[in-house]
Amino acid sequence: MRIWSHTHIHTCIHTNIHTFIHTYIHTYIHTYIHTYIHTYVHTRIQACMHAYIHTYIHTYIHTYIHTYIHTYIHTYIHTYIHTYIHTYIHTYIQTYIHTYIHTYIHTYIHTYIHTYIHTYIHTYIHTYIHTYIHTYIHTYIHTYIHTYIHTYIHTYIHTYIHTYIHTYKHTYIHTYIHTYIHTYIHTYIHTYMHACMHAYMHAYMHTCIHAYIHTCIHTLKGPIAVEGRSAACMHA
Numbered sequence: 000m001r002i003w004s005h006t007h008i009h010t011c012i013h014t015n016i017h018t019f020i021h022t023y024i025h026t027y028i029h030t031y032i033h034t035y036i037h038t039y040v041h042t043r044i045q046a047c048m049h050a051y052i053h054t055y056i057h058t059y060i061h062t063y064i065h066t067y068i069h070t071y072i073h074t075y076i077h078t079y080i081h082t083y084i085h086t087y088i089h090t091y092i093q094t095y096i097h098t099y100i101h102t103y104i105h106t107y108i109h110t111y112i113h114t115y116i117h118t119y120i121h122t123y124i125h126t127y128i129h130t131y132i133h134t135y136i137h138t139y140i141h142t143y144i145h146t147y148i149h150t151y152i153h154t155y156i157h158t159y160i161h162t163y164i165h166t167y168k169h170t171y172i173h174t175y176i177h178t179y180i181h182t183y184i185h186t187y188i189h190t191y192m193h194a195c196m197h198a199y200m201h202a203y204m205h206t207c208i209h210a211y212i213h214t215c216i217h218t219l220k221g222p223i224a225v226e227g228r229s230a231a232c233m234h235a
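Letter by letter, the sequence shown follows residues 0 to 235 of numbering that gives the first Met the number 0.
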């Protein structure tokens, strides 16, 4: 943080503000307004208005406004504002702000914050990070990763995969597929299909067809009866 010196602040006030008042405002009043009044207004009054109005306004401008500008405003700027800047603001800056910056903030920064940063935080960071976290990472986590997880992965999971799952696949599933399902398909279903269904089809359907057709055809009597009963059988 940059602490401005008394000379720098004093020079800044006397140079910038004083130059602004005596150069810009003074030039503005005596150049622009004066030129405006004597050129634009004067020309417009002489060109557009009566001699009486021109005389009255001209007198008014040169007497009242000119007096007002050179007396009131000039006095105001050089007396009140100048006094205000050199007395109040200068005193305020040199006393209150200067004292505040050099005493309170300077003391605060160099004492409290400096002490806090270099003592508490520095100690905390170097102690906590290098002691606790470093110890934690290199001891607990390192031990955990290389001991527990490594052991777990290479012992339990490896054993599980190669022992249980491998055994399950080659023993239980293989046995189930090749023994139970194969036996079921080739024994029960094959036997059922070829025995029961075949017997059903050949027994029931054969009996039904031969009995029904035999009854319809062989029990008819005469051509008319045969035609009538055939139509009745077909309709039925």
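Note that CB positions come from ideal geometry on N, CA and C, so glycine has one too.
Here I60 is near V40, since their CB atoms are less than 8 angstroms apart. Straight-line measurement puts the Cα of Y111 at about 18 angstroms from the Cα of T98.
With respect to the 8 angstroms criterion, I64 and I36 are classified as neighbours on the basis of their beta carbons.
The count of Cβ pairs closer than 8 angstroms, one atom from the region 68-87 and one from the region 15-29, reaches three, so the stretches are in contact. Here T218 carries a coil assignment [DSSP, helix/strand/coil]. Here the alpha carbons of H81 and T74 stand approximately 10 angstroms from one another. When T58, T6, T38 and T122 are compared, the shortest CA-CA separation from I92 is found for T6. Distance check between I88 and each of H17, Y155 and T166 places H17 closest, using alpha-carbon atoms only. Distance from the Cα of T10 is smallest, within the candidate group H85, T174 and Y163, for H85. Put simply, the backbone Cα of I184 is about 20 angstroms away from that of T170.
Distance from the CA of I124 to the CA of Y159, rounded to the nearest whole angstrom, comes to 45 angstroms.
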